[in-house]
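**Q**
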């Protein structure tokens, strides 16, 4: 039986210890992993070794986990402040409102606190946790020390996965190579380890040395290292596909500034200046510069009048000129409406927007939104339904339904739901409707405006079977490599 140099090296290593992992063989033979895999697979085909594969997880601390290990979990920081009763607001001032929000969720799951009249109070379990470690703290320490996690704490690992960037979990396959009886008999017959040459050099050919060397045989079916070519990010592919569909349907893409004025972001959309959505806890406002460039005077006057006539308050131009990070791409749509000169108009936008959200597995402070409008005197709600059904069917959503709804700047308004086979349930994709006259008349539009808008990440998460929105942006090479072009 013909054996290569690498095959002989593996058999001789297995003579001392008949069952070894790939990593052990790498240490004992000084061969790279790819060579071990190729040679062992060839040995298995000759029935000299058996190969068993097991799925394993490598768990390490991610950046949040390292922070929690050094400074304490949010729940521990809050727990330490509850030796006396405190209101949620007081805790937020002492620590931070984001930390308190996270901590309360997990402390309540541990039955460590109760909320009584707006104050957090420790339960019996909470008072006990003041003197001992919480399960999540124990797991974090064990991971940092690279120790085995006891079975009874296995649920904590699953909980950490949902909390985001506490643990970095990498799945890998562990190979175990074991010598067979036939392999032992082959070793007994004697194995002479000879140096083999895998490539002829010009020197060998010129001097004739090639006659004296042993050439390695090649197996074209042996496993080789996986090569990962460059590819688009899976989420970018979804955005590009959306763009292609709209262009195929005769739409033009529009863009707008990320830093926008409150005028185009809110006022032009008939959102009153005392609306809760305009508050700082929901919107990122800029400190500098303090004021946006004024829109044309006719739009300022028209918007002022429609607000004061309908909402019955004194409209403040200074508030309308405050600068912010746009909270939706509809601001770009409003700018496009103000520039309409000829009908019909069909435009769309797919771009990033910003909200002052607490980041968790469902929410981000920045995300993508897709939206569009059709401006035409003859446009109807039926046309809107056809456009959205056509768009989402091209994206692969066959079951679409429309439900009556309410949105501040459309009337009538509908929600568009899709049925996700993987989840076996309906889920909202987008909101849509016909712009109210209070939105379009001040911008000089005398036609019907069909409009729609919604997030991109949520349907993408369902189709990709993701349970944490942060995975989209954490640039995990393993996940990106699994995508297909």
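Residue numbers (the working numbering): 1201 to 1685.
Cβ coordinates follow ideal geometry from the N, Cα and C atoms, glycine included.
Straight-line CA distance for residue 1474 to residue 1513?
**A** Rounded to whole angstroms, residue 1474 and residue 1513 show a C-alpha spacing of 10 Å.
**Q** The beta strand (DSSP E) spanning residue 1612 covers which residue range?
**A** 1610-1620
**Q** Any chance you could list the alpha helix (DSSP H) runs of at least 4 consecutive residues sitting entirely within the segment 1307-1392, in chain order?
**A** 1324-1329, 1335-1344, 1354-1363 and 1381-1388
**Q** Pull up the distance between the alpha-carbon of residue 1671 and that of residue 1563, whole angstroms please.
**A** 12 Å
**Q** Based on DSSP bridge pairs, tell me the residues matched to residue 1554.
**A** 1566
**Q** Tell me whether residue 1216 sits in a helix, a strand or coil according to DSSP, three-state version.
**A** helix
**Q** Please work out which residues of its chain come closer than 8 Å, Cβ to Cβ, to residue 1592, disregarding the five sequence neighbours upstream and downstream, and give them in chain order.
**A** Counting only Cβ-Cβ distances below 8 Å, and skipping sequence neighbours, we find 1600, 1616, 1618 and 1629.
**Q** Which of helix, strand or coil does DSSP assign to residue 1685?
**A** Because the pLDDT at residue 1685 is just 46, under 50, the model does not fix this residue reliably, and the value given afterwards should be weighed accordingly. For residue 1685, the secondary structure class from DSSP, reduced to helix, strand or coil, is coil.
**Q** Nearest CA to the CA of residue 1573: which residue from 1478, 1303, 1202 and 1583?
**A** Nearest of 1478, 1303, 1202 and 1583 to residue 1573, Cα basis: 1583.
**Q** Can we say the segment 1333-1341 touches the segment 1268-1284, given the rule of at least three CB pairs closer than 8 Å?
**A** The segment 1333-1341 makes contact with the segment 1268-1284; the number of CB pairs closer than 8 Å reaches 3 or more.
**Q** In three-state DSSP terms, what is residue 1667?
**A** coil
**Q** Thinking C-beta only, is residue 1530 closer than 8 Å to residue 1551?
**A** no
**Q** Have a look at 1541, 1487 and 1463 and flag the residue whose alpha-carbon is nearest the alpha-carbon of residue 1478.
**A** 1463
**Q** Taking the alpha-carbon positions, what's the residue 1232 to residue 1250 distance?
**A** 20 Å
**Q** Expressed to the nearest angstrom, what Euclidean distance is found between the alpha-carbon atoms of residue 1319 and residue 1277?
**A** 16 Å
**Q** Taking the alpha carbon of residue 1676 as the point to measure from, which residue in 1447, 1589 and 1369 has its own alpha carbon closest?
**A** 1369
**Q** Going by DSSP, what residue range makes up the beta strand (DSSP E) through residue 1225?
**A** Unbroken run through residue 1225 is the alpha helix (DSSP H), 1222-1229; no beta strand (DSSP E).
**Q** For residue 1747, which residues from the same chain have a beta carbon less than 6 Å from its beta carbon, with the 5 sequence-adjacent residues on both sides left out?
**A** Not covered by the structure: residue 1747. The range shown for the chain is 1201 to 1685.
**Q** Taking the continuous alpha helix (DSSP H) assigned at residue 1463, which residues delimit it?
**A** 1462-1465
**Q** To the nearest whole angstrom, what separates the beta carbons of residue 1546 and residue 1445, a pair I think is in contact under 8 Å?
**A** Rounded, the Cβ-Cβ distance is 13 Å, inconsistent with contact.
**Q** When you compare the CB of residue 1295 with every CB in chain C, is at least one pair closer than 8 Å?
**A** Included in the structure is just one protein chain, with no chain C present.
**Q** Once the 5 residues before and after residue 1543 are set aside, which same chain residues still bring their CB inside 8 Å of it?
**A** 1575, 1576, 1577 and 1647
**Q** Could you check what DSSP says for residue 1402 in three-state terms: helix, strand or coil?
**A** helix
**Q** Going by beta carbon distance, what residues of the same chain come within less than 6 Å of residue 1326, once the five residues before and after it are set aside?
**A** Excluding sequence neighbours, residue 1326 sits near 1312 and 1313.
**Q** Checking 8 Å against the spacing of the C-beta atoms, do residue 1614 and residue 1632 come in under that value?
**A** yes
**Q** Could you check if residue 1428 is buried or exposed, using at least 16 other CB atoms within 10 Å of its CB as the buried criterion?
**A** By the neighbour-count definition (other C-beta atoms within 10 Å, threshold 16), residue 1428 is an exposed residue.
**Q** In the DSSP output, which residue or residues are listed as bridge partners for residue 1250?
**A** 1378
**Q** Helix, strand or coil for residue 1575? Go by DSSP, reduced to three states.
**A** strand
**Q** Please check the pair residue 1472 and residue 1511, which I expect to be a contact at CB under 8 Å, by giving their CB distance rounded to whole angstroms.
**A** 5 Å
**Q** Taking only the alpha-carbon atoms, compute the straight-line gap between residue 1244 and residue 1380 and give it to the nearest angstrom.
**A** 9 Å
**Q** With H, G and I counted as helix, E and B as strand and the rest as coil, what does DSSP make of residue 1459?
**A** strand
**Q** Give me, in chain order, the residues of the same chain whose beta-carbon lies closer than 6 Å to that of residue 1685; leave out the 5 immediate sequence neighbours on both sides.
**A** Any reading at residue 1685 must be qualified, since the residue scores a pLDDT of 46, below 50, and its modelled position is unreliable; no value is offered.
**Q** Answer yes or no: do residue 1225 and residue 1377 have a C-beta to C-beta separation smaller than 8 Å?
**A** yes
**Q** Using beta-carbon positions only, say whether residue 1414 and residue 1426 come within less than 8 Å of one another.
**A** no
**Q** Quick one: is residue 1609 buried, meaning 16 or more other Cβ sit within 10 Å of its Cβ, or exposed?
**A** buried
**Q** Taking only the alpha-carbon atoms, compute the straight-line gap between residue 1219 and residue 1242 and give it to the nearest angstrom.
**A** 17 Å
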